[in-house]
Amino acid sequence: MEPNIRTQALAAVRAVEAVFDRAFGAQDNPLRHLGALGFYFFWVMAVSGIYLYAFYDTGVTEAYHSVERLTHGQWYLGGVMRSLHRYAADAFVVVIGLHLAKETVNARYRGFRWFSWLTGVPTLWLAYASGIGGYWLVWDRVAQFSATATAEWLDWLPLFGEPLARNFLTPAAVNDRFFSLLAFLHIGIPLLLLLAMWVHIQRISLADVAPPRRLGWGTLAALAALSVAKPALSAAAADLATEPGHVALDWFYLFVHPLMYQTSPAMTWALTFGATLMLAAAPLLSRAKPAPVARVSPPDCNGCGRCVADCPYSAVQLIPHSLKGTYKLQAQVDAALCASCGICAGACPSSTPFRSIGELVSGIDMPQLPIDALRRQLNAGLAQMSGPARTVVVGCDCAADVSTVAGAGVLALSLPCIGNLPPAFIEYALRRGRQGVGADGVLITGCRGGDCAYRFGNEWTEQRLAGAREPHLRAHVPRHRVQMAWANGGEEADLARALAAFRAELVQKTVPAT
Amino acid sequence: MNTTTRYLGQAVLYGAFALAIGHFSTAPAYTHLAPDQALLKLSFSHGAQRVGACRDRSDEELAQLPPNMRIRQDCPRERAPVIVELEMDGVPLYRAALPPSGLSRDGSASVYRRFVVPAGTHHLAARLSDNAKGDFDYRAEKTLTLAPAQVVVVEFHAPAGFQFLH
Chain A
279 MEPNIRTQAL
289 AAVRAVEAVF
299 DRAFGAQDNP
309 LRHLGALGFY
319 FFWVMAVSGI
329 YLYAFYDTGV
339 TEAYHSVERL
349 THGQWYLGGV
359 MRSLHRYAAD
369 AFVVVIGLHL
379 AKETVNARYR
389 GFRWFSWLTG
399 VPTLWLAYAS
409 GIGGYWLVWD
419 RVAQFSATAT
429 AEWLDWLPLF
439 GEPLARNFLT
449 PAAVNDRFFS
459 LLAFLHIGIP
469 LLLLLAMWVH
479 IQRISLADVA
489 PPRRLGWGTL
499 AALAALSVAK
509 PALSAAAADL
519 ATEPGHVALD
529 WFYLFVHPLM
539 YQTSPAMTWA
549 LTFGATLMLA
559 AAPLLSRAKP
569 APVARVSPPD
579 CNGCGRCVAD
589 CPYSAVQLIP
599 HSLKGTYKLQ
609 AQVDAALCAS
619 CGICAGACPS
629 STPFRSIGEL
639 VSGIDMPQLP
649 IDALRRQLNA
659 GLAQMSGPAR
669 TVVVGCDCAA
679 DVSTVAGAGV
689 LALSLPCIGN
699 LPPAFIEYAL
709 RRGRQGVGAD
719 GVLITGCRGG
729 DCAYRFGNEW
739 TEQRLAGARE
749 PHLRAHVPRH
759 RVQMAWANGG
769 EEADLARALA
779 AFRAELVQKT
789 VPAT
Chain B
755 MNTTTRYLGQ
765 AVLYGAFALA
775 IGHFSTAPAY
785 THLAPDQALL
795 KLSFSHGAQR
805 VGACRDRSDE
815 ELAQLPPNMR
825 IRQDCPRERA
835 PVIVELEMDG
845 VPLYRAALPP
855 SGLSRDGSAS
865 VYRRFVVPAG
875 THHLAARLSD
885 NAKGDFDYRA
895 EKTLTLAPAQ
905 VVVVEFHAPA
915 GFQFLH
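The following block contains the structure:
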């Protein structure tokens, strides 16, 4: 995607997210849990589908009539279950589409993310194949139209000896076994889809596979209300002796058929295969500069495992310590999985700037901005600060640009991710550092909640500062001198406002350092 | 934003989500066939005659073959393409030479074609050649009145020939 188009698209996405943030709050914002909602809708489909299967009869006439009996005979449960099944499937497509669009706009197909991106591509086809079979099981006029159109579409491929569409030529051409096959496929393909979804999240730790409880209940209530207000109903029974004229299509799944009839099977394959290839090739087409990989210093690593717990991409593991007679374990980084975020360095207890050694070496560190370099930057900056409400602003390269707020009395430091910041640096900045000059306050910024480019940087930072996660900010650090103000890229004005307000508070509350 | 406004906002957004799902799950309706149109489908799968004549092997030739392969007749595997023509009211709708399937070109030739035609009375004529010379050895004609949305299938089964299923 062209950078300027992507920037505009990103701004649009963030504007929409901001609207949802206001209504739901950042933590419950559905646009920040699209993947989790995908899993959630899958389970709604699974539960409702098991119920429907118990009442479904496989047969040319039995299929239609069993669904009709269920829909009208027990509308209060079977009918609602059918509608939930249908609408959850539609919602599944919506969240998959939005998830794909959002990840595309955020360029999250490059570098270490290639695996998650690439494994997401087949899930699109599996989701489509899972869904479309469900429409055929009903064997109404929509099913007849869709099954015939799909067969005509597939027949363009030189795969079948006889055209598949011949199976839908006349009423006598369809037999009961077709519905047994359909039921088998409608269970088997979703299981493959689940497997693909599982593979899709393998390279990330603590994958978001369940939406927040309030969002889950709210979404289910919305679908249930829709199911009651507008139940999913069958069209007339299929009749292959006549062709459906007007078809009430479910556009979330069946859009391919009008596309094919308006163009051609060849064009439809070209578009769908072309789109698939484009998606699959996106990581290759946009080669990112190889990111530096976190490196471990065995003499400084005691194998505490905090970096393992905090790494968002399961790139760090513990292995037997390479230095005998010291500690049992040490960290080891898998270069193929490392996102270069530095969250591991922020989690390392040896990353404290209070260590009185010449060169500060952390147990695990980032080559592009080692902890020692960060301490030197901080010391140099603190020495040059002057004026009232001297503030250190620590941000990240993925969020609002902190250099825009740098100036007299404001030292701006940008890290790969805010999770890269060891909490001890905050205390160090406030306690004058080693140069004898301290800041009056520290403002922490980074991506907004649920929007961290490296998944957990802001969340882990909040928890570390709240004392809920190690390494934590020590209790005696005055909290009124520390503030968090999350701001995404492009929201520099918000950051500037938050900084101005914080500094005004500091002027009122803080006794200036002498 | 106070709590009431937030809940109101959530209700609006959940409602919009449900409304969009509900609407596009059945609408807008797609017009696949106009009210005055019918559908004609030509489809069959037929193995044509072989391109060459069979010949009888001599006793010497048979003796040279393994015992389990001593079959008197020796026939070429390749089949001729099936040439089919379909006309409606004297106007050609379709003409094709359908190749036999298989790597050795010894399988059936298949076709499936759909034609959207005006409803009403039409005269259909179909011809088929399944020999190497290309002579039409099967011919059929029929006048049909097609109701709107009616599907007529023109099938072929040897040796009976064409069938007009409606």
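Protein sequence lines correspond, in order, to chains A and B.
Position in the first sequence (first residue = 1) + 278 = the working numbering.
Position in the second sequence (first residue = 1) + 754 = the working numbering.
Note that CB positions come from ideal geometry on N, CA and C, so glycine has one too.
Computed from a predicted model, the values in this text were never measured in an experiment.
Chain A contact residues for B/Ala886, given Cβ-Cβ distances below 8 Å
Those do not exist, as B/Ala886 stays about 22 Å from chain A at its closest Cβ, beyond 8 Å.
Take A/Leu751 as the anchor and find which of A/Glu770, A/Val720 and A/Asn282 has the nearest alpha-carbon.
Comparing Cα positions, the closest option is A/Val720.
Run down chain A in chain order and give the residues with a C-beta less than 8 Å from the C-beta of B/Arg833.
Within chain A, no residue comes near B/Arg833; the closest Cβ sits about 14 Å away, beyond 8 Å.
Chain A contact residues for B/Gln764, given Cβ-Cβ distances below 7 Å
Ala301, Phe302 and Gly496
Going by alpha carbons, who is nearest to A/Arg275 out of A/Trp738, A/Asn736, A/Ile704 and A/Phe734?
Since the first residue shown for chain A is 279 and the last is 792, residue 275 of chain A is missing from the structure and cannot be characterised.
For B/Tyr943 and B/Ala807, what's the separation of their Cα atoms in angstroms?
A question about residue 943 of chain B goes unanswered here, because the residues of chain B that appear run from 755 up to 920.
Identify which residue in A/Cys725, A/Ile479, A/Pro536 and A/Glu737 has its Cα closest to the Cα of A/Ala765.
A/Cys725
Please look up how many angstroms separate the CB atoms of B/Val797 and A/Pro441, rounded, as I've assumed it's under 8 Å.
The question names Val, yet the displayed sequence has Ser at residue 797 of chain B. Sure, about 7 Å apart at Cβ, within 8 Å.
Identify whether A/Asp486 lies in helix, strand or coil by the three-state DSSP scheme.
Reduced to three states, the DSSP call for A/Asp486 is coil.
Rounded to a whole number of angstroms, what is the C-alpha to C-alpha distance between A/Asn307 and B/Ala770?
Cα-Cα distance, rounded: 15 Å.
Cutoff 8 Å: A/Val325 Cβ touching any chain B Cβ
At least 8 Å separates the CB of A/Val325 from every CB of chain B.
Considering just the uninterrupted stretch of the beta strand (DSSP E) at B/Leu840, what are its terminal residues?
Val836 to Met842
Verify the CB distance criterion: does A/Tyr539 have a CB-CB separation below 8 Å to chain B?
True, the Cβ-Cβ gap to chain B drops below 8 Å.
Within 8 Å, strictly: CB atoms of A/Ser618 and A/Pro648:
no
Can you give me the Cβ contacts of A/Arg712 inside the same chain, cut-off strictly under 7 Å, excluding the 5 residues immediately before and after it?
With a pLDDT of only 45 at A/Arg712, under 50, the local geometry of the prediction cannot be trusted, and no value is derived from it.
6 Å Cβ shell around A/Ile642 - same chain, five flanking residues per side excluded:
Ala572, Val574, Cys585, Ala609, Cys622, Ala623 and Cys626
What is the C-beta distance between A/Val322 and A/Leu498, in whole angstroms, given that I count them as a contact (C-beta under 8 Å)?
7 Å
Extent of the continuous beta strand (DSSP E) run through B/Leu796
Gln791 to His800
Report yes or no: do the region 729-744 of chain A and the region 579-595 of chain A share at least 3 C-beta pairs separated by less than 8 Å?
yes
Residues sharing a beta bridge with A/Val680, DSSP:
A/Val680 is not bridged to any residue.
Distance check for A/Leu469 and A/Val672, CA to CA, integer angstroms please.
46 Å
Mark A/Met644 as exposed unless 16 or more other C-beta atoms lie within 10 angstroms of its C-beta, in which case mark it buried.
buried
Is it the case that the region 342-361 of chain A contacts the region 382-399 of chain A, given that we only count it when at least three CB pairs across the two stretches are under 8 Å?
no
Label A/Ala301 either buried or exposed according to how many other C-beta atoms from any shown protein chain fall within 10 Å of its C-beta, with 16 as the threshold for buried.
buried
Is the separation between the beta-carbon of A/Ala429 and that of A/Phe456 shorter than 8 Å?
no
A/Leu808 (DSSP reduced to helix, strand or coil)
No statement about residue 808 of chain A is possible, as the shown extent of chain A runs from 279 to 792 and does not include it.
Quick one: residues in its chain with C-beta nearer than 8 Å to the C-beta of A/Tyr605, no 5 flanking neighbours on either side, listed in chain order?
Cys579, Asn580, Gly581 and His599
Taking the C-alpha atoms as reference points, what is the distance between A/Pro666 and A/Phe780?
Between the alpha carbons of A/Pro666 and A/Phe780 lies a distance of about 12 Å.
Report the partner residues of A/Asn384 according to the DSSP bridge assignment.
Answer by DSSP bridge pairing: none, since A/Asn384 is not bridged.
Leaving out five residues on either side along the sequence, give the residues of the same chain with a beta carbon under 8 Å from the beta carbon of B/Ala850.
Ile837, Val838 and Val865
Quick check on the DSSP output: the beta strand (DSSP E) that includes A/Met475 runs from which residue to which?
No beta strand (DSSP E) contains A/Met475, which is instead part of the alpha helix (DSSP H) from Asp454 to His478.
Would you give the residue range spanned by the alpha helix (DSSP H) that A/Leu330 belongs to?
Counting along the chain, the alpha helix (DSSP H) containing A/Leu330 begins and ends at Leu312 to Phe333.
How is A/Arg712 classed by DSSP in three states: helix, strand or coil?
With a pLDDT of 45 at A/Arg712, under the threshold of 50, the modelled position of that residue is not reliable, and the figure given next carries that caveat. In the structure shown, A/Arg712 sits in coil (DSSP, three-state: anything other than H, G, I, E or B).
Name the residues in the region 425-450 of chain A whose C-beta lies less than 7 Å from a C-beta of chain B; which are they?
Asp433, Gly439, Glu440, Pro441, Ala443, Arg444, Leu447 and Thr448
Name, going along the chain, the residues of the region 508-529 of chain A whose beta-carbon falls closer than 8 Å to a beta-carbon of chain B.
Along the region 508-529 of chain A, going in chain order, the ones with a CB nearer than 8 Å to a CB of chain B are Lys508, Ala510, Leu518, Ala519, Thr520, Glu521, Pro522, Gly523, His524, Val525, Ala526, Leu527, Asp528 and Trp529.
Let me check understanding here. Comparing Cα to Cα, which of A/Glu770, A/His350 and A/Leu518 lies closest to A/Thr682?
When each option's Cα is compared against that of A/Thr682, the closest is A/Glu770.
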